[in-house]
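Be aware that the first sequence starts at 0, since it is given in numbering that gives the first Met the number 0, and climbs by one per residue.
Yeah, the Cβ is synthetic: ideal placement off N, Cα and C, and Gly gets one too.
All remarks here apply to the structure that follows.
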Amino acid sequence: MRDRFAPSPTGQLHIGGGRTALYNWLLARKEGGAMVLRIEDTDRERSTPENVEQILDALRWLELSWDEGPLSQAERIGRHEACIAGLVESGHAYADEGAVRLRVPDEGETVVSDVIRGDVRFPNRSIDDFVIARSDGSPLYNLAVAVDDLDMGITHVIRGDDHLSNTPRQVMILQALGAQPPVYAHLPLLYGPDGKKLSKRHGAASVQELRDAGYLPEAVRNYIALLGWGLDETTTFMTTDELIANFSLERVSRNPAVFDEQKLRWMNGRYMRELPVEQLQARIEAMSGREVPREAVEISQEKMQTLVDFWPLAGFLVDRPDGYDQKAWDKVMVDGSAERLEAARKAIEAAEPFGPESIEEGLRGLVERLGVKPKEVFQPIRVALTGTTVSPGIFESVAALGREEALARIDAALQHARGGA
RNA sequence: GCCGCCAUCGUCUAGGGGACUAGGACGCCGCCCUCUCACGGCGGAAACCGGGGUUCGAAUCCCCGUGGCGGUACCA
């Protein structure tokens, strides 16, 4: 069993393309077959080395490896031209104003056997004698694809639904060449939330945009696998091994799917929470190119949905905030807040041994003595430390910051409250 | 125009004649937990595109309509 992923290099890899690659990869793994990576680059203008690299880049990030290739379709032009000549010679094709057209019968029908759609029948009279070679002799897409799939021994063609209407043409070329068509599987297309084709204005539309938004490749794989395929009525989380073991083309859905980034966020958050702290830390560091304290990761892990969420949440543990969010300050620093912060400072200073437990003990004791609500004490500390009203747990945050730095930031806030610089 | 594909909660889907007062998940709403934001727990609202058939019985099968999408290029 051999399948192929055959993108045309037009820029970043579209999420739909990522899913097509995933399905091809899953099936090849499951069947113990091979996946060929073939670049459909017969359109020389669009097919720049940079664009090809974008495809490979996305595939590598998704951790989808190919067994052969990347093969260049354009480099096989000699073979394509030979086939065109052969087709003319055998009478299956003829020259027309310099171009070459395939002879399509007026009667009968061409059947595309599709695992997902069943047998799709196309009346031959609805298909014109189509061009397989330009007047300069260069081969056209349908011919190149058919010849390549044949030569490469492809048994399963898994691709987007937008290719279904062109498939009878490829089948005709194969038949004219005396070959059996492969098994086809046309995947439903992916759309944006507005029902239109998924594009940049929907947020992330490409695999690399997903990566840059802080998603984990394993979460992306799990999510997009479920876009048009499902195991049963309840299974949602599957490891890659489980995906491989369970995948089947027969269970691929026929209707188009809308890419829902909110659901991906949720799923990604679940994956992040299940990661060992060291691993999560390593990923945050790899993505940002900066070192971050393990403790900072530990106390914010359950609050993040993506890798980039780390910074607004726990960035204050890496860099001292350069100011206070005005809204946060106004909301929290009301009458008496400065006094409570002052008292909290003493409690933190006295915490011994310095850690979350002793800090909690001291701060809760203060709340008790003052007879105020916990947040009336905790929020001013939070603003002093982070500049905002959002952070991991306050005791853990103070502890992670360290006594000296925590006290310094509180002092700065107190000064700010008194109208100082 | 012609050819083709598709049609279940807002979204992803389960369903392949009786198990359906249509199940799960995201999102949404409410409650609980709570130092903020989250996590988590509990509960709730929310769908079979329309019309004809077939059948004792249709979300499931057939036809028509409607809608969405794709193809129809000397693009891929």
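Item, Value
"Leucine 413 vs isoleucine 393 beta-carbon contact at 9 Å", "no"
"At least 3 beta-carbon pairs within less than 8 Å: the segment 214-230 vs the segment 30-42", "no"
"Close Cβ partners of isoleucine 298 (< 8 Å) along its chain, the five nearest in sequence each way excluded", "Ala313, Pro391, Gly392, Glu395, Ser396, Ala399"
"Proximal residues to leucine 21 (C-beta, below 8 Å), its chain only, five neighbours per side dropped", "Leu61, Leu63, Arg220, Ile223, Ala224"
"Beta carbon of histidine 155 nearer than 9 Å to that of tyrosine 183", "yes"
"Distance, valine 110 Cα to arginine 102 Cα", "17 Å"
"Limits of the beta strand (DSSP E) - the one that threonine 109 falls within", "108-113"
"Rounded straight-line distance, which links the Cα of arginine 37 to that of alanine 327", "54 Å"
"Residue closest to serine 336, alpha-carbon to alpha-carbon, out of Arg344, Val35, Pro379", "Pro379"
"contact_flag[the segment 160-171, the segment 118-127] where n(CB pairs < 8 Å) is 3 or more", "yes"
"Span of the beta strand (DSSP E), counted from its first residue to its last, around valine 130", "130-132"
"Where leucine 226 sits in the DSSP three-state scheme", "coil"
"Meets three-Cβ-pair contact criterion under 8 Å: the segment 139-152 and the segment 76-89", "yes"
"Counterpart residues of proline 138 in DSSP-defined beta bridges", "Ala132"
"The alpha helix (DSSP H) enclosing glutamate 273, as first and last residue numbers", "260-273"
"Completely contained beta strand (DSSP E) runs for the segment 143-214, where each covers 3 or more residues", "155-159, 182-186"
"Same chain, Cβ closer than 6 Å to tyrosine 323, five either side skipped, listed in chain order", "Gly386"
"Secondary structure of isoleucine 126, DSSP reduced to three states", "coil"
"Proline 187 vs asparagine 245 beta-carbon contact at 9 Å", "no"
"Nearest-angstrom beta carbon gap, valine 257 and proline 280 [assumed within contact, 8 Å]", "In the sequence under discussion, the amino acid at residue 280 is glutamine, which differs from the proline named in the question. With a Cβ gap of about 34 Å, glutamine 280 and valine 257 do not count as contacting."
"Proline 6 and glutamate 52 closer than 9 Å at C-beta", "no"
"Beta-bridge partners of alanine 94, as assigned by DSSP", "Val99"
"Cβ neighbour criterion (16 or more within 10 Å) applied to threonine 234", "exposed"
"Three-state secondary structure assigned by DSSP to serine 287", "helix"
"Complete runs of the alpha helix (DSSP H) confined to the segment 325-389 [at least 4 residues]", "325-331, 336-349, 355-369, 373-385"
"DSSP bridge partner residues for glycine 117 (one or two, in chain order)", "Asp113"
"According to DSSP, residues forming a beta bridge with methionine 34", "Asp2"
"9 Å Cβ cutoff met for threonine 9 and asparagine 50", "yes"
"Pair within 9 Å by beta-carbon distance, phenylalanine 353 and glycine 401", "yes"
"Coil, strand or helix - valine 425 by DSSP", "The shown model of the chain, from 0 to 420, leaves out residue 425, and the question about it has no answer."
"Straight-line Cα distance separating alanine 27 from leucine 263", "25 Å"
"Spatial distance of tryptophan 265 from threonine 305 (CA atoms)", "9 Å"
"Aspartate 128 versus Arg408, Arg158, Gly90, His162, residue with shortest Cα-Cα distance", "Gly90"
"Between the CA atoms of alanine 411 and phenylalanine 315 - distance to the nearest angstrom", "15 Å"
"9 Å Cβ cutoff met for glutamine 207 and aspartate 2", "no"
"Residues near glycine 107 by beta carbon distance below 6 Å, same chain, minus five either side", "Asn123"
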